[in-house]
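J.: Have a look at this one.
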């Protein structure tokens, strides 16, 4: 117990020092995607990787990450890019996804390195925009290196369709949550000395992903339930975007978000007509709005600044109902949480209305979940103060009692 408490004190110290940079990694703006097509690497197979089996979380491949390791200035880290098996949330079909996994380089503590599964925020919807393809993990590198330096193994799921072939179901939290759970399984099959005890931490899209992981674990991975989940500005239920679009009241931040949602759904459902949801500059520059890599990314900010709310809006009640139906089907909660969850959200969030988060938390409480909330009235989507949440996760690893905030939900 004492060792774990000391480790989490170290995590708090490094996170507080780097708060500004880490917040951008948790909740990157949909306004600027930064995906990179990787160049050739001299990757080698991971000698300890167990490639046996065919079920969720089993490995297809595990290779070294030379470009990532070359950027490190501190203690060595065991790092691997993994391709592993997972499950599609809507259909239950088996999938193959990618991610990256990390452990400290020294001998593990008794019981193995405890695990943090990190859920990244929006990075795009194209294959090149998976964090595992980037030497900086597309902004997550500080999270990973700080947590590993504090004595934790870390698993970072790319999510289905990012980093590996497939269609990315953007804001389908259940699918992303299953990918997160399986990233922990993949980590344990890649490196020795990794504990079954794990927690999840994520923001924005990743906040929804780890929330869903906390729900799905009871039936999907009963052998390794998380000790706790922290969801920062989670995209739990964004169906309200449709009503705002119909009323032409989308914020500047929400307009490109809805464009990416429509594009993702159109790829999943080829009978969706994109022109039912776009007009003006959005229709003219749609390829720019939904790009997350290549030269078009550099035009996105300019195009977004020219958008009007009417440019991203359903053209008929039928189109609105269809879009709303898909988002409602993906909305959280979907079942009772299998672990305590702490939710941090801001009163000035221009992406996800605070009322949407509060309603999702209320429903999670009604299902019997243990939920605590940290409402920061003067904060937005990407500037939340989360240092206390790292401490909260440390308490979950230490087995401390958790206060259930459900009785105090608004």
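Residue numbers (my numbering): 44 to 453.
C-beta atoms are modelled at their ideal positions from N, C-alpha and C, and glycine is treated no differently.
Treat the numbers as computed from the prediction; the structure is a model and nothing was measured.
Residue 238 by DSSP, collapsed to three states: which one?
T.: Residue 238: strand per DSSP, three-state reduction.
J.: In the DSSP assignment, the alpha helix (DSSP H) including residue 385 goes from what residue to what residue?
T.: Residue 385 -> not in any alpha helix (DSSP H); beta strand (DSSP E) instead, spanning 384-389.
J.: Measuring straight from C-alpha to C-alpha, what distance separates residue 419 and residue 91?
T.: C-alpha separation (whole angstroms): 44 Å.
J.: Does the Cβ-Cβ distance between residue 278 and residue 190 come in under 7 Å?
T.: Their beta carbons are not under 7 Å apart, which means residue 278 does not touch residue 190 by this criterion.
J.: Quick check on residue 432: does DSSP put it in helix, strand or coil?
T.: Helix, per DSSP.
J.: Tell me the DSSP secondary structure of residue 347 in three-state form.
T.: In this structure, residue 347 counts as helix in the three-state DSSP scheme.
J.: If you compare alpha carbons, which of 216, 407, 379, 327 is closest to residue 355?
T.: It is 327 whose Cα lies nearest to the Cα of residue 355.
J.: Quick check on DSSP: helix, strand or coil for residue 78?
T.: Below a pLDDT of 50, predicted positions are generally treated as unreliable, and residue 78, at 49, falls in that range; the measurement from the model is reported next regardless. If DSSP states are grouped into helix, strand and coil, residue 78 belongs with coil.
J.: For the candidate residues 120, 202, 116, 230, whose alpha-carbon lies nearest to that of residue 105?
T.: Minimum Cα distance to residue 105 is reached at 230.
J.: My output table needs one value for residue 99: the three-state DSSP class, helix, strand or coil.
T.: Coil.
J.: Taking DSSP's pairing of strands, which residues face residue 158 in a bridge?
T.: BP columns for residue 158 point to 196, 241.
J.: Which residues share a DSSP beta bridge with residue 125?
T.: DSSP lists 105, 142 as partners of residue 125.
J.: With the cut-off set at 7 Å, would you say residue 253 and residue 370 are in Cβ contact?
T.: No, Cβ-Cβ distance for residue 253 and residue 370 is not below 7 Å.
J.: CB-CB under 6 Å to residue 391, same chain, minus the five flanking residues each way: which ones, in chain order?
T.: These residues qualify, in order along the chain: 423.
J.: So who's on the other strand from residue 415, going by DSSP bridges?
T.: For residue 415, which the question treats as bridged, DSSP gives the partners 385.
J.: Taking C-beta to C-beta, are residue 218 and residue 142 nearer than 7 Å?
T.: Against a cut-off of 7 Å, the Cβ pair of residue 142 and residue 218 comes out as no contact.
J.: Would you list the one or two residues that DSSP bridges to residue 275?
T.: DSSP, once it has assigned bridges, lists 246, 387 as partnering residue 275.
J.: So, helix, strand or coil for residue 130, using DSSP?
T.: Residue 130 falls in the strand class under three-state DSSP.
J.: Taking 7 Å as the limit between beta carbons, can you name the residues of its chain near residue 148, skipping five residues before and five after?
T.: Counting only Cβ-Cβ distances below 7 Å, and skipping sequence neighbours, we find 118, 119, 120, 121.
J.: Expressed to the nearest angstrom, what Euclidean distance is found between the alpha-carbon atoms of residue 135 and residue 110?
T.: The straight-line gap from Cα to Cα measures roughly 35 Å.
J.: Quick check on residue 463: does DSSP put it in helix, strand or coil?
T.: Because the chain spans 44 through 453 in this model, residue 463 falls outside it and cannot be assessed.
J.: Out of curiosity, what's the CA-to-CA distance linking residue 445 and residue 411?
T.: If you take the alpha carbons of residue 445 and residue 411, they lie about 15 Å apart.
J.: Which residue's Cα is closest to the Cα of residue 202: 150, 138, 235?
T.: Looking at the Cα atoms, 138 is the closest of the given residues.
J.: Measuring CB to CB, does residue 309 end up less than 7 Å from residue 272?
T.: Cβ atoms of residue 309 and residue 272: not closer than 7 Å.
J.: Residue 129 and residue 99 look like a contact to me (Cβ under 8 Å); what is the Cβ gap, rounded to whole Å?
T.: With 8 Å as the limit, residue 129 and residue 99 qualify as a contact, their Cβ atoms being about 6 Å apart.
J.: For residue 432 versus residue 385, is the C-beta spacing smaller than 7 Å?
T.: Yes, Cβ-Cβ distance for residue 432 and residue 385 is below 7 Å.
J.: How do the region 396-413 and the region 172-180 stand: do at least 3 beta-carbon pairs fall below 8 Å, yes or no?
T.: In short, these stretches do not touch, since the Cβ pair count stays below three.
J.: Strictly by DSSP, which residues pair up with residue 120?
T.: Looking at the DSSP assignment, residue 120 forms a beta bridge with 147.
J.: Could you check if residue 83 is buried or exposed, using at least 16 other CB atoms within 10 Å of its CB as the buried criterion?
T.: Low per-residue confidence applies at residue 83: pLDDT is 47, beneath 50, and the placement is therefore not dependable, though the value from the model is reported in the following sentence. It is exposed - the Cβ of residue 83 has fewer than 16 other Cβ atoms within 10 Å.
J.: Over what stretch of residues does the alpha helix (DSSP H) that includes residue 307 continue unbroken?
T.: Counting along the chain, the alpha helix (DSSP H) containing residue 307 begins and ends at 297-311.
J.: Does DSSP put residue 321 in a helix, in a strand, or in coil?
T.: In this structure, residue 321 counts as strand in the three-state DSSP scheme.
J.: Within 10 angstroms of its Cβ, does residue 440 collect 16 or more other Cβ (buried), or is it exposed?
T.: So residue 440 ends up on the buried side.
J.: Looking only at its own chain, which residues have a Cβ that is under 7 Å from the Cβ of residue 180, when we skip the five neighbours before and after it?
T.: Correct list, in chain order: 143, 174, 187, 199.
J.: Give the straight-line distance between the Cα atoms of residue 368 and residue 283, rounded to the nearest whole angstrom.
T.: Roughly 11 Å between the two C-alpha positions.
J.: Along the chain, where does the alpha helix (DSSP H) that runs through residue 30 open and close?
T.: Not covered by the structure: residue 30. The range shown for the chain is 44 to 453.
J.: Using the C-alpha atoms, what's the distance from residue 226 back to residue 197?
T.: So the two alpha carbons sit approximately 9 Å from each other.
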